[in-house]
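*Asks:* One structure is given below, represented as structure tokens, and several questions about it will come after.
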Ligand SMILES: Cc1ncc(COP(=O)(O)O)c(C=O)c1O
Ligand SMILES: Cc1ncc(COP(=O)(O)O)c(C=O)c1O
């Protein structure tokens, strides 16, 4: 059975709507994805029939909710090749997952002056600011990989950058601006040599192609439900179980304890230790349904489709005069996220005119301001694709850019 | 128009289901509430028609999402009498809200040895463990109010307990175990005298009766969407704007920044400063719909109904032999949450037999182990009510307890 | 009513008349386990030759009866037999009601077959068994690698 | 198409041919404002008597044209008039398209009436005006208490 984008699109109710009198052309999936009816139905059914709090009650509703919540954990674990479900911690988004590690692993590593954390210039602010703050708290030093002119991680200084002082390396798996997919094997090998932990920000990779944590050989990954057909309010931290077991808690409260007295508390094992309070139950279940949906279609199929769309988009955009593409120019080693500039027109204006034509792209610094600075611009326009994107939508984008040039010509 | 519980119940699809062959009798709303179709419809419609990420795009979907998300903030602000919407910070639950204050206000107060934080023995673990950890981090001392035999906050030592060394007082507004509603006026006055900040854990109060932050005169309150007809995955921190403005960020990442360079970041004003990453957008909108629903019925009406149910429940439970009620024995100064023990029968067994009859109560330490310890029991059984609770459901509970005594008699 | 599977007379009997309850003074290994969800607690003490197994705790009928049955089944056994019985009980509990219990090996323990259908109560039934395993290990006795139990 | 309201010829004109762009060396107050969502930046410099208002920045057509219009409307006014015009412009922008602009007071500024219907762009239009207000305050000039603007 081959991939049929028209059939896929039927699962997404939002594609029935118009924007400013034009059919919706949604090219902003790197920002947040649309949701298939299969995910919405599972969430609705849960709330209408099985809603109860988890892990706390012996009653039927509580038991049903707990089973569904834990089943979602198992699905997510299988989806990323985790050794066991208990390695999957539900957070509210990628950002919380990364902050959790910055606090808890930071504490475990007992960081201090002289220690180094390594990130890259390609990071989303969510994988940048938490490490800045960690360094502020502990006196450790933040260092980073640069970006090459082609939009790839500059690993030329790898051995110097990742050294005996390095305690943790955290880089993005796929850039949300440049589309670059980082092959982290050399980096991981070097980190292992010096005994540093490795975290990958997989917010843009897990939704779009097969990711296997064991193959990657890293210690932590973070990703977020709303970018992978799931609801808002749910994210995932995956970590090696032995590491998680040693980490102190981050958020504290109900459900993460073993026993509590006024003077002292002991903590539950992972994942409970890191899931304080009532978790996003319906949202986790929705993410489980999204994983089912993605698996049903096949992550390989999805990746292949996006590669085709990306190839087509790169061709079409290159053909528009005055358009400059940032990031890898061919589909190899990159995903379906293409940022560009239109000479002489500010991205805000590009985005506004496209929106008037129903074409939804993102403009701005994409929460990755250092990437814009690296390429010498204050902002970029970004079109990003997913399993439901069609070549017709790319055509609409190209036509829209002609209109942009007309207005500002 | 008077309050009509039968009509209210029609809005909640879950009441159509049976549990173990009996009609569902849901007496666990203090744990999590059920959701009316009005809330579910708003969320579904948002996801099907308007889904986009907030605060980041100029496109139509993003603008619609942002407007709905900010409208929810304004609704929540009005619901609790906040001075301005910007005082409302969306978190994932109460627990995160309290942790946020424990970190950010803790840092603002520059706590150290000699400083004191005051809580009470009546706290949910979520308003206890974060303060233990804060004291561990800073060397400050944790102190607490006791509980009287009647289940009320023991304020007899108020002036000694809250003193010049006290930097922050955080207590529960309504106990999730005893049902006690704490009149905090004396405590707030004393805290003001000594210059301490005051936080109220309103997780059980905001859902059940009118709460006005200006009348309370406190600095922060926390509450949680899933206990007030809203979805899981959404909570609220309200704080005085001038205080929030001075507080450093807690979670860091996208959307909470002003500008970012690799070396240094400056932060947006509240509430954005405290909402790192993609927030629970649909969930906030769902909470806004829940607030609309509650306001439509009227919080006074809801409170009055719950008071009647509570009076009835206290009478019925007192009439069951071997039942001991923990907490205030009359409806005055308490809400619709009643914990009790059945002599000679462990709460787990009570809950299990009730569940077999379709009666859903919570058993255990209710994430408030010190309360159980205070009353000399490892666990309690708790029945908790809401706007949809009927006297027939209380009767079913009483009949169930007869069955419990028969099995273990 | 659905409870028949859970509250078998055997279980209620062990609950109301527990065997071997009360901690002995002399022991080689001790473990204290808590069920964080419900606050149930148990302390188990064992001698290195398993000639004595004593316990005390607070908890529901399932966990208390389970401790009584454990005492009856394991006290005086050698490490090998104790390990086998231990494993059989854990498997029964984790079998979601699909495992046929071996009466010869499990004795009164077969009454817990119904508990396996109540996921929230499985950990009650297992609490004493997990505490026993730890106590035995501390006394130098390995009772086999039973599958890990989720709290 | 929906854009007519937004990209009026007047706006495109000010964008393509900005008035008063480029920072003067002599000034009494300066402010640098950033729109965190999109990275637009502006620096505004003013003299204490508002005889000179200069600016430089990076940004979209709306924010750049707005700066040009601001320069044209406010340079050389006294503090009172500048305050009134400032207030009128802010009110127009925050009126969600419901406010009728006063052409006599706002001149080319009335072209921004359409922008008020695009919430995401209102902050672009206001960026120079907020920076001007801060710069003026630093030069000792109060241009009135305009309603607070949300970032
Ligand atoms: C008094 C009280 N505080 C805090 C909480 C924590 O709320 P949440 O689990 O939604 O964070 C609860 C409920 O669980 C509660 O009853
Ligand atoms: C690469 C990358 N990292 C982190 C994030 C943050 O995800 P969230 O906003 O869901 O926390 C995003 C998306 O916003 C992203 O693209």
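Chains as they are written, first to last, in the UniProt record's numbering: chain V, 1 to 409; chain X, 1 to 409; chain Z, 1 to 151; chain S, 1 to 151. Think of the CB as a built atom: it goes at the ideal place given N, C-alpha and C, for glycine as much as any other residue.
Where does the unbroken beta strand (DSSP E) through residue 265/V begin, and where does it stop?
*Replies:* The sequence position of residue 265/V within the first chain is 265, counting from 1. Residue 265/V -> beta strand (DSSP E) spans 265-267.
*Asks:* Would residue 132/V count as contacting chain S if we go by Cβ distances under 8 Å?
*Replies:* The sequence position of residue 132/V within the first chain is 132, counting from 1. The beta carbon of residue 132/V does not come within 8 Å of any beta carbon belonging to chain S, so the residue lies off that interface.
*Asks:* Quick one: residues in its chain with C-beta nearer than 8 Å to the C-beta of residue 65/X, no 5 flanking neighbours on either side, listed in chain order?
*Replies:* Position 65 of the second chain, counted from the first residue, corresponds to residue 65/X. Once the five neighbours on either side are set aside, the close Cβ partners of residue 65/X are 46, 50, 51, 52, 53, 54, 281.
*Asks:* Just to confirm my understanding: we take residue 124/S, look at its own chain, exclude 5 residues before and 5 after, and list those with CB closer than 6 Å. What are they?
*Replies:* Your numbering for residue 124/S matches position 124 in the fourth chain. Around residue 124/S, the same chain offers 60, 62, 63 as residues with beta carbons nearer than 6 Å, after the five sequence neighbours per side are excluded.
*Asks:* Give me whichever residues DSSP pairs with residue 131/X in a beta bridge.
*Replies:* By one-based count along the second chain, residue 131/X stands at place 131. In the DSSP output, where bridge partners are listed per residue, residue 131/X has none listed.
*Asks:* Closer than 9 Å between beta carbons: that is the criterion. Which residues of the region 227-243 of chain V meet it against chain X?
*Replies:* 227, 231, 232, 233, 234, 235
*Asks:* At a cut-off of 7 Å, would you count residue 13/V as near ligand 3, judging by its Cβ distance to the nearest heavy atom?
*Replies:* Ligands displayed in this structure: ligand 1 and ligand 2; ligand 3 is not among them.
*Asks:* What are the boundary residues of the beta strand (DSSP E) that includes residue 326/V?
*Replies:* Start at 1 with the first residue of the first chain, and residue 326/V comes out as number 326. Segment 323-326, the beta strand (DSSP E) holding residue 326/V.
*Asks:* Looking at chain Z, is there any beta carbon in it that lies within less than 8 Å of the beta carbon of residue 346/X?
*Replies:* The count along the second chain starts at 1 and reaches residue 346/X at position 346. Judged by the 8 Å Cβ criterion, residue 346/X is in contact with chain Z.
*Asks:* So which residues on chain S does residue 63/X lean against when the C-beta distance must stay under 9 Å?
*Replies:* Position 63 of the second chain, counted from the first residue, corresponds to residue 63/X. Under the 9 Å cutoff, chain S gives 118, 119, 120.
*Asks:* Which value, in whole angstroms, describes the spacing of the CA atoms of residue 405/V and residue 324/V?
*Replies:* What you label residue 405/V is simply residue 405 of the first chain in a count that begins at 1. What you label residue 324/V is simply residue 324 of the first chain in a count that begins at 1. One C-alpha to the other measures close to 13 Å.
*Asks:* Are at least three pairs of beta-carbons, each pair with one atom in the region 386-393 of chain X and one in the region 11-25 of chain Z, less than 8 Å apart?
*Replies:* no
*Asks:* Here's a check: name, in chain order, each residue in its chain whose Cβ is nearer than 8 Å to the Cβ of residue 75/S, leaving out the five neighbours to either side.
*Replies:* In the fourth chain, counting from the first residue as 1, residue 75/S sits at position 75. Setting aside the 5 residues that flank it on each side, residue 75/S is surrounded in the same chain by 20, 50, 51, 52, 53, each with a C-beta closer than 8 Å to its C-beta; the list follows chain order.
*Asks:* Please state the DSSP three-state secondary structure of residue 71/Z.
*Replies:* As a first step, residue 71/Z must be located in the third chain, where it is residue number 71. Correct three-state label for residue 71/Z: helix.
*Asks:* So the candidates are 37/X, 2/X, 157/X; which of them puts its Cα closest to the Cα of residue 10/X?
*Replies:* Taking the first residue of the second chain as position 1, residue 10/X is located at position 10. With distances taken between Cα atoms, residue 10/X lies closest to 37/X.
*Asks:* Given this structure, state the Cα-to-Cα distance separating residue 293/X from residue 233/V, to the nearest angstrom.
*Replies:* Here residue 293/X corresponds to residue number 293 of the second chain, with the count starting at 1. Here residue 233/V corresponds to residue number 233 of the first chain, with the count starting at 1. Cα to Cα, the separation comes out at about 22 Å.
*Asks:* Using beta carbons (cut-off 8 Å, strictly below), is residue 40/Z in contact with chain X?
*Replies:* Locating residue 40/Z in the third chain gives position 40, counting from the first residue. Closer than 8 Å to some Cβ of chain X, the Cβ of residue 40/Z qualifies, so yes.
*Asks:* Give the interface partners of residue 36/S over in chain X, defined as CB-CB distance under 7 Å, in chain order.
*Replies:* Counted from its first residue, the fourth chain places residue 36/S at position 36. 257, 258, 259, 268, listed in chain order.
*Asks:* Beta-carbon separation of residue 255/V and residue 362/X under 8 Å?
*Replies:* In the first chain, the residue the question calls residue 255/V occupies position 255. In the second chain, the residue the question calls residue 362/X occupies position 362. A distance of 8 Å or more separates the beta carbons of residue 255/V and residue 362/X.
*Asks:* Using CA atoms only, rank isn't needed, just tell me which of 212/X, 221/X, 326/X, 345/X is closest to residue 169/X.
*Replies:* Against the second chain, residue 169/X aligns to sequence position 169. Of the candidates 212/X, 221/X, 326/X, 345/X, the one whose C-alpha sits nearest the C-alpha of residue 169/X is 221/X.
*Asks:* Between the region 7-25 of chain Z and chain X, which residues of the former have CB atoms less than 7 Å from a CB of the latter, in chain order?
*Replies:* Those residues of the region 7-25 of chain Z that come within reach of chain X (Cβ to Cβ, closer than 7 Å) are 7.
*Asks:* So, for residue 134/S: in the same chain, excluding its five sequence neighbours on each side, which residues have a beta-carbon less than 6 Å away from its beta-carbon?
*Replies:* Walking along the fourth chain from the start, residue 134/S turns up at place 134. Correct list, in chain order: 31.
*Asks:* Could you tell me whether any Cβ in chain X is nearer than 8 Å to the Cβ of residue 114/Z?
*Replies:* In the third chain, counting from the first residue as 1, residue 114/Z sits at position 114. Not an interface residue.
*Asks:* Output the distance between the C-alpha atoms of residue 356/V and residue 313/X, rounded to the nearest integer angstrom.
*Replies:* For the purposes of this step, residue 356/V is taken as residue 356 along the first chain, with counting starting at 1. For the purposes of this step, residue 313/X is taken as residue 313 along the second chain, with counting starting at 1. Looking at the two C-alpha atoms, the distance is approximately 60 Å.
*Asks:* Going by the DSSP bridge assignment, what does residue 41/S pair with across the sheet?
*Replies:* Here the question's residue 41/S lines up with position 41 in the fourth chain. Beta-bridge pairing links residue 41/S to 34/S, 58/S.
*Asks:* Please tell me whether residue 58/V has its Cβ less than 8 Å away from any Cβ of chain Z.
*Replies:* Working through the first chain from its first residue, we reach residue 58/V at position 58. Yes, residue 58/V lies at the interface with chain Z (some Cβ there is under 8 Å from its Cβ).
*Asks:* Classify residue 117/Z as helix, strand or coil using the three-state DSSP reduction.
*Replies:* As a position in the third chain, residue 117/Z is number 117, starting the count at 1. In this structure, residue 117/Z counts as helix in the three-state DSSP scheme.
*Asks:* Chain X beta carbons: is any one of them nearer than 8 Å to that of residue 221/V?
*Replies:* Here residue 221/V is taken as the residue at index 221 of the first chain, counted from 1. Among the CB atoms of chain X, none fall inside 8 Å of the CB of residue 221/V.
*Asks:* Can you pull the chain X neighbours of residue 70/Z, defined as C-beta to C-beta under 7 Å?
*Replies:* Locating residue 70/Z in the third chain gives position 70, counting from the first residue. Within 7 Å Cβ-Cβ: nothing; residue 70/Z doesn't reach chain X, min ~18 Å.
*Asks:* Hey, could you find the ends of the beta strand (DSSP E) residue 380/X is sitting in?
*Replies:* By one-based count along the second chain, residue 380/X stands at place 380. For residue 380/X, the enclosing beta strand (DSSP E) covers residues 380-384.
*Asks:* Below 7 Å, is the gap between the Cβ of residue 203/X and the nearest heavy atom of ligand 1?
*Replies:* For the purposes of this step, residue 203/X is taken as residue 203 along the second chain, with counting starting at 1. Checking every heavy atom of ligand 1 against the Cβ of residue 203/X, one is found closer than 7 Å.
*Asks:* Relative to ligand 1, is the shortest distance from any of its heavy atoms to the C-beta of residue 33/S smaller than 7 Å?
*Replies:* Indexing the fourth chain from 1 puts residue 33/S at position 33. No, Cβ of residue 33/S sits at least 7 Å from all heavy atoms of ligand 1.
*Asks:* Enumerated in chain order, which unbroken segments of the beta strand (DSSP E) with a length of 3 residues or greater are wholly contained in the region 290-355 of chain V?
*Replies:* 323-326, 337-342
*Asks:* Could you give the C-beta distance for residue 42/S and residue 111/S, rounded to a whole number, given that I count them as a contact under 8 Å?
*Replies:* Residue 42/S sits at position 42 when you count from the first residue of the fourth chain. Residue 111/S sits at position 111 when you count from the first residue of the fourth chain. That belief does not hold up - the Cβ atoms of residue 42/S and residue 111/S are roughly 19 Å apart, past 8 Å.
*Asks:* Just the C-alpha distance for residue 115/V and residue 103/V, rounded to the nearest angstrom, thanks.
*Replies:* Locating residue 115/V in the first chain gives position 115, where the first residue counts as 1. Locating residue 103/V in the first chain gives position 103, where the first residue counts as 1. So the alpha carbons of these two residues sit roughly 15 Å apart.
*Asks:* Can residue 135/X be considered in contact with ligand 2, in the sense that its beta carbon sits closer than 7 Å to one or more heavy atoms?
*Replies:* By one-based count along the second chain, residue 135/X stands at place 135. No, ligand 2 has no heavy atom inside 7 Å of this Cβ.
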